[in-house]
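Notes follow once the structure below has been shown.
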Amino acid sequence: MSTSTATPQAAHGQPEAPPAAHAATGLPQPGPGQWEPGRRVIAPSFAPLPDHQWQEEPLMSHDGMHVAAVVRQEDDSFTMRVDDGVWDAGFDKVWSPRFLPDGRLAAIVQQDGEWTVAVDGEPWPETYGFIWSLMHGPAGKLIAAVQQDMRYGMIVDGTPRETLYENANNFALSPDGRRTAAVVQTVPLGQADIETFVRGVYSVAVDGEAWGHNFMNVWTPVFDNRNDRVAAQVRLSHSEYTVAVNGTPWPATFPCVWEPCFDPATGAVAAPVRKDGRWGIALDGTLLWEARFFQCWSPAWSRDGRHLWAIVAPGYGNFTVARDASPWPFTAPVITDLVLSPDGTRAAALASNDNTAWQVVVDGVAWPGKWDMAWRPVFSPCGQHVAVRVREGARETVLLDGRPWRDAFTTAWDPVFGPANSGTGVTVLLRGIRDDACERWVATPDDFRA
1 MSTSTATPQA
11 AHGQPEAPPA
21 AHAATGLPQP
31 GPGQWEPGRR
41 VIAPSFAPLP
51 DHQWQEEPLM
61 SHDGMHVAAV
71 VRQEDDSFTM
81 RVDDGVWDAG
91 FDKVWSPRFL
101 PDGRLAAIVQ
111 QDGEWTVAVD
121 GEPWPETYGF
131 IWSLMHGPAG
141 KLIAAVQQDM
151 RYGMIVDGTP
161 RETLYENANN
171 FALSPDGRRT
181 AAVVQTVPLG
191 QADIETFVRG
201 VYSVAVDGEA
211 WGHNFMNVWT
221 PVFDNRNDRV
231 AAQVRLSHSE
241 YTVAVNGTPW
251 PATFPCVWEP
261 CFDPATGAVA
271 APVRKDGRWG
281 IALDGTLLWE
291 ARFFQCWSPA
301 WSRDGRHLWA
311 IVAPGYGNFT
321 VARDASPWPF
331 TAPVITDLVL
341 SPDGTRAAAL
351 ASNDNTAWQV
361 VVDGVAWPGK
371 WDMAWRPVFS
381 PCGQHVAVRV
391 REGARETVLL
401 DGRPWRDAFT
411 TAWDPVFGPA
421 NSGTGVTVLL
431 RGIRDDACER
441 WVATPDDFRA
């Protein structure tokens, strides 16, 4: 089967959602002057400090200039270590830390039984019964899911949406990171209350306000590239599924559907659908790809809307990638992490045999070698190069166009390509830890073995 790196949380009464679509996305870039090739030691040692009882796994900032980790201090409080310093504040618990695109460090924290978010050590004044699913977008807003008095919703930069619900899940951000969507339960549902469930209790809340239409089930809301329309897969009856756009279902129904995606050029909505026992893709409810696959999911459009890609299974247990309904000749038991080049004419994915012996597949051709683990591929801004972080044994390294870096780390992070106008040619930022030292390398193609 095919797997996804992230699966949305399922609500009570809802089955687990299908794998999410993966389209190419950009990472925050280091600033000007940080792309000169060479090695820079960020911290000679990131071993636990003497006054810390223990230290969790570290994380590095997007630009590779800082390293951080959750630590437990002598007084049993928890805080964040950043480079060789720590936050002034200590907490009962700290979890899910992450660097934001602008370099700030955020984490979910608990104090005296109440949860909030701390940014660079400063907690938000508002507290909640629980917080999870910390997210951020390119606009710099920090968004999380919250529970307060057993009602659920989302907060944006510490401010909760006006309406909280009995259930909320499948949280999503708009491409610009300013708007939110979530599956919500709008009608109370008692135990074994099948009649109410069948009438429909789930909807989608956009910026906290629910659609005016309820469904038996709803999954995976997604925004269009203009940040103003939302589509989701919905269940109308025991055996009827379709896609709803801003609360309005397609006129056609199917025995099953998977996560939809918007055509960025026209605004039309495509989704994998099942028909007569096989899978294809429907566009606004009408079949676009013939239903001839054993499985089909993770659809992704090119930015100009000219090409539609998806993970498909031409035969039982044999997965691959298809472009405009034409599958690659390469197949494997598992295909995941479909990523498109910036212009959408090329694609890369990961393949494995039952989650072992991972391979990188680009344009239908597998790179040499198999790895204990591989992470999501990254395309260069020009679309001509692909980099992937991989692990073999206790060592992690980066492949560039199938060639391994000349060295390795004990712990590494995903590579970041330099901008096309950096003036240094093709460069790749490598971030990792080796012999306790945190290092930042700007590598060129010559640093990767033939």
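Quick note, the sequence shown lines up with residues 1 to 450 if you use UniProt numbering.
Backbone N, C-alpha and C define an ideal beta-carbon position, used for all residues, glycine too.
- Beyond the five residues adjoining it in sequence on each side, T163 comes within less than 8 Å, by CB distance, of G153, A205, G208, E209, A210 in the same chain, given in chain order.
- Within 10 angstroms of the beta-carbon of V41 lie fewer than 16 other beta-carbons, which makes it exposed.
- Residue pairing by DSSP places L173 opposite T180 in a beta bridge.
- Between the alpha carbons of S239 and R395 lies a gap of roughly 48 Å.
- At the C-beta level, A357 and R323 stay beyond 9 Å of one another.
- Counting the other Cβ atoms within 10 Å of the Cβ of V198 gives fewer than 16, which makes it exposed.
- For T196, the three-state secondary structure derived from DSSP is helix.
- Within the model, the alpha-carbon separation for R303 versus L350 is close to 22 Å.
- Residue burial annotation: W297 is buried, with at least 16 other C-beta atoms found within 10 angstroms of its C-beta.
- Ranked by Cα distance from A412, the first of E74, P48, E57 is E57.
- Look at P445 here: in three-state DSSP terms it is helix.
- M150 counts as exposed, since fewer than 16 other C-beta atoms from the protein chains shown sit within 10 angstroms of its C-beta.
- Excluding five sequence positions before and after D276, the CB atoms of its chain that fall closer than 8 Å to its own CB belong to A291, given in chain order.
- Per DSSP, K141 lies in no beta strand (DSSP E) segment and is marked neither H nor E.
- Around Y241, the same chain offers R235, F254, C256, V257 as residues with beta carbons nearer than 6 Å, after the five sequence neighbours per side are excluded.
- Nearest to S380 by alpha-carbon distance, out of P97, V365, V339, A107, is V339.
- Judged by DSSP in its simplified three-state form, K370 adopts coil rather than helix or strand.
- With at least 16 other beta carbons inside 10 angstroms of its own, T220 counts as buried.
- Looking at G121, T345, D414, the one whose alpha-carbon comes closest to that of A374 is D414.
- Counting C-beta atoms within 10 angstroms of its own C-beta, N355 has fewer than 16 neighbours from the protein chains shown and is therefore classed as exposed.
- Here W297 is bridged, per DSSP, to I311.
- When W87, D84, M80, V86 are compared, the shortest CA-CA separation from W95 is found for M80.
- In the DSSP assignment, H52 falls within the beta strand (DSSP E) that extends over 52-55.
- Per DSSP, reduced to three states, the secondary structure at F254 is strand.
- Nearest neighbour of G315 by Cα position, chosen from D372, R306, W328, turns out to be W328.
- The residue from D447, D446, L430, P445 with its alpha-carbon nearest to that of E439 is L430.
- Secondary structure note for V360: its beta strand (DSSP E) is the uninterrupted segment 359-362.
- Residue burial annotation: P251 is exposed, with fewer than 16 other C-beta atoms found within 10 angstroms of its C-beta.
- Per DSSP, the continuous beta strand (DSSP E) segment holding Y202 begins and ends at 202-206.
- Rounded to the nearest angstrom, the gap between the Cα atoms of A450 and G402 is 9 Å.
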